Every structure is written in structure tokens, then in C-alpha cells.
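First up is the structure itself, then whatever we jot down about it.
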Amino acid sequence: MGLGGEARLRKLEHVDVVLRGRVEGPNTTWLEYVFLVHQASSEVHLSSVNLEVPFLGKTLKAPVMITGMTGGAPGTEEINGKLAEVAEKFGIALGVGSQRAAIEDPKLEQTFRVVREYARNVPVVGNIGGHEFVRYDLNQISRLVDMINADALAVHLNLTQEVAQPEGTPDFRGLIAKVKLVARELSTPIMIKEVGQGLSYEVVKELSEAGIKLFDVAGAGGTNWVLVEKHRAQRMSDRLKELIATNIAEWGIPTAASIIEARKAAPDSIIVGSGGIRSSFDAVKALRIGADLVGLATPVLRAYYGGYLEEFLQAFIHGIRALTALTGSRDLSELRRKPVIITSILREWLLSRGFSL
Ligand SMILES: Cc1cc2nc3c(=O)[nH]c(=O)nc-3n(C[C@H](O)[C@H](O)[C@H](O)COP(=O)(O)O)c2cc1C
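Structure follows, in C-alpha cells:
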């Protein structure tokens, strides 16, 4: 994301920092304050659990999305190809990383196009940063969609990252007007996504009123782009940016709070619960408190580089199936009616925001 002149190198550097550095936290997702109740006598057999969920006019076999990460740099064609292959195999949704590099240099388009060679039937979501989205004309925005025959286009609101990034452009002036215009003119739906600081009730409300029906909360508690940029600033010996990042690293809405805020603001929208979803246990809780599906980024990247991507996804989806059965539910709509306990600081957050529990 936030690709500038040296776009390709930065994209690779991000992957490197995420794989080697400590870039998660310091917040947690607050999903640890959400509890579902184990039902020891559940007669729901795993094979009868239906995890299907409608998404972008298609049906996912499991409520999971690999959220946008990469493309636009050497080597990323291979990663995107593999991610697309597993998305198709498991019947889950796939996002690509920021396509800005390919708008600036069409030779890079293939690093994104490759996903459609494999992901032929599952939904694929394009991606662009808020800063570029405001500046691009409708023609350029349509190119993003056409490049990968996207089922939706994600606009990522990475303002906090832009603030912390040594060469960032924290300027979203004109965003809402542009969202309204594009939501009206483009036949492909726009998804609004964060990248790790979460979407608030106010933001989701305003954007739903602007015509948006798809949100990916990407809350705090998982990959933290302020910490990623802090690592980069350290590598560049940019002491000032390093200290700026240190000062704001705790900023953000923890994922559990963000999912609930988004759901309250847009009861009929599709909400992707993401940001620090690290286990099936996290996933079922996110699904219970308001997410239609869950999104994952860093764990997928780690599993890809570790050579265990398919096992990772198989275990993750199996775990969602198992825990759904252990609550006594046969599908996700039953899961959403099961008891949930919201405790501690998350409860206080919701009460002080005036939300009923
Ligand atoms: C290496 C890497 C690159 C990313 N690039 C993008 C991007 O280009 N566009 C975007 O919207 N989000 C991007 N993200 C953010 C993820 O889609 C996701 O919102 C965020 O990492 C939180 O999820 P996680 O905690 O599961 O990693 C990137 C994440 C990673 C790990």
C-alpha cells in the first residue's frame, strides 16, 4: 500500500519486515473478552455443519477471505498465483494488494492478473489506497477493476500508516465526495477497508450513507502498520519518523470493538471481521459478534513462506467447523443466535459508546 516512486522495493520491504519483525500489537483484538458457550452434548456432526456464506454474488464454502497484500513487485506474481490457487481450492475469497504500481507501470499488471488464472470461481477483490482513490479518474478506477475482473474494489483507509510512513501522504481530502461519485458510477461495488486501526461506528455510518455496503474493519490487535513503518524508519536511520511511530503505535480500535461498531452502524451491510484473527477460536467469536466472514493477512503470508499454506487453511476452516458444532450450531445463522458473553473493557467500551449489549 502507499506505493510511491520506489513502489516495488517498498512492497517487498513490507513483506520482509512483516515476516522478520515484531509488527503485531501492542493492542490486542479484545476478542479475548468475548466468550461463547461450549455445549458438551451437541449432536451436530461435523460433516453436517454448513459454513457457506453468500459474498459478492457467489457462495463461499467457508466464511474466510485472504485480505489484500501483494502484487506489483518482482516475485509477487508467484505469491498471488499461489494465494489464488488455494482460495479456489478452499472456496474462499481473495484480495490483492494495492494496484497502484500497475496503474503507474502497466508492465506490472500481470502480477495481479495472475489471480484470475487460478481463482476462476471465487470472489476476487481489487485494491487501492484512499489517497490514490481520491486522485484517480473514473477511467483509472475502472482499470483497477478490469485488470483482475474484480468482484469488488477495496479502498484502504490507511491514514495512520501514512502518518507514520517516512514518505507517506496522509491526505484524504475529498474522500467522501469521491466515494459517493464512484459508488454511483461504477457497476462494481466498493469495499471500504482499514489496514489495522479499525473502522468506527461514525465512519461506517457515513460511508453507508454514501452508498457503501461492504466493509472490512481490519481492527487493531493484528498487523500494525505503524510498527511496520517504524521498522522501516529504523532501517533508513530516520530517527524522527521512528519516534513519531513510537508515539502513536497504540492508536486504533481493537478488532472486536470495531466489528460491533460496524455492525451497529450498518446492520444490512457485509462486514469482514479482520485484524489479528489468528485462530479458528478468534474467527467464531468474530462471526458471532457481527462479522459475515473473517479476513486474514499476515498468518497467510507466514504460512506461504513456511511452505504450509494449504495445511494452515485446512486446519483453520476445520476449526471453525468444529467450534460451530461445539456451540450446537449447524450453520452460521444458528451460531449467531447462540449465547455470547462480553466482558471487561470491551463491555465498558460498548456501554460508554451507548450501545446495548
Ligand atoms: C505484507 C502485507 C501487505 C499488505 N498490503 C496491503 C495493501 O496493499 N492494501 C490493503 O488494503 N491492505 C494491505 N495489507 C493489510 C491487510 O490486508 C490486513 O488488513 C492487515 O494486515 C490486518 O490483518 P492481519 O492482522 O491478519 O495481518 C497488507 C498486509 C500485509 C501483511
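Numbering (the working numbering), first residue to last: 2 to 358.
Ideal Cβ positions, reconstructed from N, Cα and C, are used throughout, including at glycine.
Treat the numbers as computed from the prediction; the structure is a model and nothing was measured.
Query raised in the report: When we look at the beta-carbon of residue 217 and count the other beta-carbons within 10 Å, is it buried (16 or more) or exposed?
Result: Burial call: buried.
Requested in this report: With a 10 Å radius around its C-beta and 16 neighbouring C-beta atoms as the bar for buried, classify residue 223 as buried or exposed.
Outcome: Burial call: buried.
Report task. Could you work out which residue in 357, 154 and 47 is closest to residue 262 when comparing CA atoms only? Result -> Closest by alpha carbon: 357.
Query raised in the report: Helix, strand or coil for residue 128 per DSSP?
Result: Residue 128 falls in the strand class under three-state DSSP.
Query raised in the report: Which stretch, first to last residue, makes up the alpha helix (DSSP H) that contains residue 300?
Result: Here the alpha helix (DSSP H) through residue 300 covers 299 to 307.
Report task. Within the same chain, show all residues whose beta-carbon is closer than 7 Å to that of residue 208, passing over the 5 residues directly before and after it, in chain order. Result -> Here the set comprises 180 and 193.
Query raised in the report: Does the pairing of the region 151 to 168 with the region 121 to 134 give three or more beta-carbon distances under 8 Å?
Result: Yes: the two stretches touch, three or more of their Cβ pairs being nearer than 8 Å.
Query raised in the report: Should residue 338 be labelled buried (16 or more other beta-carbon atoms within 10 Å of its own) or exposed?
Result: So residue 338 ends up on the exposed side.
Query raised in the report: So, is residue 47 buried or exposed, given that buried needs 16 or more other C-beta atoms within 10 angstroms?
Result: Counting the other CB atoms within 10 Å of its CB gives residue 47 a total below 16, which places it among the exposed residues.
Query - Paired residues, beta bridge with residue 161 - DSSP - result: Paired residues: none, contrary to the question.
Query raised in the report: What is the C-beta distance between residue 253 and residue 28, in whole angstroms, given that I count them as a contact (C-beta under 8 Å)?
Result: Residue 253 to residue 28, Cβ: 6 Å. Contact.
Requested in this report: Could you tell me whether any non-hydrogen atom of ligand 1 is closer than 6 Å to the CB of residue 250?
Outcome: For residue 250, the distance from the CB to the nearest heavy atom of ligand 1 is not below 6 Å.
Query raised in the report: Cα-Cα, which of 340, 183, 119 and 90 is closest to residue 131?
Result: Of 340, 183, 119 and 90, the residue nearest in Cα terms is 183.
Query raised in the report: From residue 146 to residue 158, what distance separates their C-alpha atoms?
Result: The straight-line gap from Cα to Cα measures roughly 18 Å.
Report task. Mark residue 60 as exposed unless 16 or more other C-beta atoms lie within 10 angstroms of its C-beta, in which case mark it buried. Result -> Counting Cβ neighbours within 10 Å, residue 60 comes out exposed, since fewer than 16 surround it.
Query - Beta-carbon contacts of residue 304 that lie in its chain and below 8 Å, excluding the five residues immediately before and after - result: 310, 312, 313 and 314.
Report task. Could you name each continuous beta strand (DSSP E) segment of 3 residues or more that falls completely within the region 245 to 315, going from the start of the chain to the end? Result -> Listed in chain order, they are 271 to 275 and 294 to 297.
Query raised in the report: Hey, residue 294 and residue 148: beta-carbon distance below 7 Å or not?
Result: No; because the gap between Cβ atoms is not below 7 Å, this pair is not in contact.
Query raised in the report: To the nearest angstrom, how far is it from the Cα of residue 41 to the Cα of residue 326?
Result: Annotation: residue 41 to residue 326 spans about 10 Å, alpha carbon to alpha carbon.
Requested in this report: Measure the beta-carbon distance from residue 250 to residue 225 and round it to whole angstroms, keeping in mind my assumption that it falls under 8 Å.
Outcome: Confirmed, about 7 Å.
Query raised in the report: Mind checking residue 203: buried by the 16 CB within 10 Å criterion, or exposed?
Result: Residue 203 should be labelled exposed.
Requested in this report: Using three-state DSSP, classify residue 59 as helix, strand or coil.
Outcome: In the three-state DSSP reduction, residue 59 falls in the strand class (E or B).
Query - Simplified DSSP state of residue 37, which is helix, strand or coil - result: For residue 37, the three-state secondary structure derived from DSSP is strand.
Report task. Measure the Cβ-Cβ separation of residue 287 and residue 274 and say whether it is below 7 Å. Result -> A contact, by the Cβ cut-off of 7 Å.
Report task. Alpha carbon to alpha carbon, how far is residue 143 from residue 344? Give it in angstroms, no decimals. Result -> When only Cα atoms are considered, residue 344 and residue 143 end up about 45 Å apart.
Query raised in the report: In chain order, what residues of the same chain have a beta carbon less than 7 Å from the beta carbon of residue 15, not counting five sequence neighbours either side?
Result: Excluding sequence neighbours, residue 15 sits near 229.
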